[in-house]
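Participant: Just passing along the structure, written as structure tokens.
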Amino acid sequence: MKSHFDEAINRKGTFCTQWDYIEDRFGTGDLLPFSISDMDFQSPPEIIEAMQNRTKHGIFGYTRWNHHDYKSAITDWYKRRFSAQLVEDWIVYSPSVIYSIARLIEMLSAEGDHIVLQTPAYDAFFKCIHASNRKLMANPLVDQNGQYTIDFNDLEKKLSHKKTKILLLCNPHNPTGRVWTKRELTKIVDLCTKYQVKIISDDIHMDIVYPGRKFTPITSVTNDLEHIFICSSASKTFNTPGLGGSYALLPNEGLREKFMTLLKNRDGVSSANIFGEIAVITGYRYGEKWVDDLCTYLYNNMKLMKDFIEQEIPAIHFEIPESTYLAWLDCSRLQTTDKELQSALVEDGKVGIMSGTVYGENDRVFLRMNIGCPQSKLLDGLSRLKQSVLSLTR
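In the numbering used here, each number is its position in the sequence shown, counted from 1, plus 23.
Quick look at the structure:
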């Protein structure tokens, strides 16, 4: 049965980072992009209608976020989707998840302190840690034939260092797609409590989870919440990153007040974008079925991709992730370098797929491919990937 997610919508000419500015990342604009982590799907019709109605009003003044309508939409979503009990007072607005992480790093540590991070990792984490003059302590994930686990012995070693102040967690994990289990999260909390290390958890991919897995906010595995901070957004869920805005869950009252002081008084970014706020409220209240349908469609994309790779490009190893619309492709058996593979993708396949080196995977050759798109585009991209790989053997 044809899905509305199958509709191919032309995004060119919309100032779209993924399509209009692909040359910035790959050196040429004549590529089919699978790069930036937004999707080629329209947002839920409920969100579009709500924004259209607001647009007709015609006045777009300063917007307040600190109210029950905004906060209850978030707490109700967590209760329905994750059986998680949040307190409205924990919620603070932020212009972006990375802004929240940067401010929390600033408040919870000093220059020169260590921040532990599971690697490979979202590239903005590396930049954020470096720009704050903190030291990254990598806790490399263990890859067991495409199944990633945490090396808890190494994690404890890194957490026990006297200069370690923060564990920067990504749940679900980008780029591997792991959804950390309650057992893993509990073990993480226990170790961080033992060594008095704060936890900042980026949960932005929390709603894109596939069969057999359930997302658990880290606040649900402990009652000691003074040193746990969650940064998230509805933007990945409803494909609304261009509308701006995110939120953080900060149970620690003193730190929450300090965060809001920096947000408003120092940085002057406390006023929400009205359309971003409407998207959160409307999406969380009325977009649940759309999200369920989205996850089904994305999972089918993942299955399509796995079947194609196994049949057509068996030298690439791919396991369907537990979460996210990001496919993490192990290209090590191609017996080529990352530079050679990227050259083949750009010059022969005319396709833009992110190099694993962007995410700190420097020992082996990996690609991160965004499959948040109609299946017609995905099949075209996979054909181009195959063409690129074949060109390496000529």
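A virtual CB, placed ideally from N, CA and C, is assigned to each residue, including glycine.
1. Return the first residue and the last residue of the beta strand (DSSP E) that residue 117 is part of.
2. Let's test the definition: count the other Cβ atoms within 10 Å of the Cβ of residue 365 and tell me whether it reaches 16, buried, or not, exposed.
3. Span of the alpha helix (DSSP H) holding residue 410?
4. Between the Cα of residue 66 and the Cα atoms of 312, 386, 328, which residue gives the shortest distance?
5. So within the region 120-159, which uninterrupted alpha helix (DSSP H) runs reach at least 4 residues, ignoring any that extend past its ends?
6. Residue 165 bridges to which residues according to DSSP?
7. Smallest Cα separation from residue 357: which of 172, 412, 406?
8. Can you tell me where the beta strand (DSSP E) with residue 187 in it begins and where it stops?
9. Report buried or exposed for residue 70, applying the criterion of at least 16 other Cβ atoms within 10 angstroms of its Cβ.
10. As a quick exercise: from 300, 369, 343, pick the residue whose alpha carbon is nearest that of residue 85.
11. Out of 242, 204, 176, which has the shortest C-alpha to C-alpha gap to residue 253?
12. Given this structure, state the Cα-to-Cα distance separating residue 368 from residue 259, to the nearest angstrom.
13. Excluding the 5 residues flanking residue 131 on each side, which residues of the same chain have their C-beta closer than 7 Å to its C-beta?
14. When the Cα of residue 154 is compared with those of 276, 129, 145, 175, which residue comes out closest?
15. Starting from residue 392, trace the beta strand (DSSP E) both ways and give me its first and last residue.
16. Between the region 167-182 and the region 137-156, do at least 3 Cβ pairs fall closer than 8 Å?
17. Can you give the beta carbon distance from residue 234 to residue 322, rounded, assuming they're within the 8 Å contact cut?
18. Which first and last residues belong to the beta strand (DSSP E) in which residue 254 is found?
19. Can the beta-carbon of residue 135 be found closer than 8 Å to that of residue 156?
20. Only counting the same chain, and skipping five residues up and downstream in sequence, which positions put a Cβ closer than 8 Å to that of residue 29?
21. Determine whether the beta carbon atoms of residue 117 and residue 224 lie at a separation below 8 Å.
22. Cβ of residue 137 less than 8 Å from any chain B Cβ?
23. Classify residue 388: buried if its beta carbon has 16 or more other beta carbons within 10 angstroms, exposed otherwise.
24. Buried or exposed for residue 417, please, with buried defined as at least 16 other CB atoms from any protein chain shown within 10 angstroms of its CB.
25. Could you tell me which whole alpha helix (DSSP H) segments of length 4 or greater appear in the region 61-92?
26. Which of the three DSSP states is assigned to residue 196 in this structure?
27. Residue 245 and residue 292: beta carbons closer than 8 Å?
28. Return helix, strand or coil for residue 264, following the three-state DSSP convention.
29. With DSSP run on the structure shown, which of helix, strand or coil describes residue 218?
30. Helix, strand or coil: which one does DSSP assign to residue 16?
31. For residue 375 and residue 57, which I take to be in contact (beta-carbon distance under 8 Å), what is that distance rounded to the nearest angstrom?
32. Spell out the partners DSSP gives residue 350 in its beta bridges.
33. Taking Cβ positions, are residue 343 and residue 332 nearer each other than 8 Å?
34. Under a Cβ-count criterion, where at least 16 other Cβ atoms within 10 Å of its own Cβ denotes burial, should residue 165 be classed as buried or exposed?
35. Just to confirm, are residue 361 and residue 378 a CB contact at a threshold of 8 Å?
36. Exposed or buried, which one is residue 31 when buried takes at least 16 other CB atoms within 10 Å?
Facilitator: Per the coordinate set shown:
1. 114-117
2. buried
3. Its alpha helix (DSSP H) spans residues 398-415.
4. 312
5. Taking only runs of at least 4 residues, the alpha helix (DSSP H) segments lying wholly in the region 120-159 are 120-131, 146-154.
6. According to DSSP, residue 165 bridges with 172.
7. 412
8. 187-193
9. buried
10. Put simply, of 300, 369, 343 the residue whose alpha carbon is nearest the alpha carbon of residue 85 is 300.
11. 242
12. CA-CA distance, residue 368 to residue 259, rounds to 26 Å.
13. 188, 189, 221
14. Nearest in C-alpha terms to residue 154, of all of 276, 129, 145, 175, is 129.
15. Under the DSSP assignment, residue 392 falls in the beta strand (DSSP E) whose first and last residues are 389-393.
16. yes
17. 7 Å
18. 251-255
19. yes
20. 397, 398, 399
21. no
22. Of the protein chains in this structure there is only one, and it is not chain B.
23. The residue in question, residue 388, is buried, as its Cβ has 16 or more Cβ neighbours within 10 Å.
24. exposed
25. DSSP runs (the alpha helix (DSSP H)) wholly in the region 61-92: 68-80.
26. coil
27. Against a cut-off of 8 Å, the Cβ pair of residue 292 and residue 245 comes out as no contact.
28. Helix, per DSSP.
29. coil
30. Residue 16 lies beyond the range of the chain shown here (24 to 417); nothing can be said about it.
31. 6 Å
32. 392
33. no
34. exposed
35. yes
36. exposed
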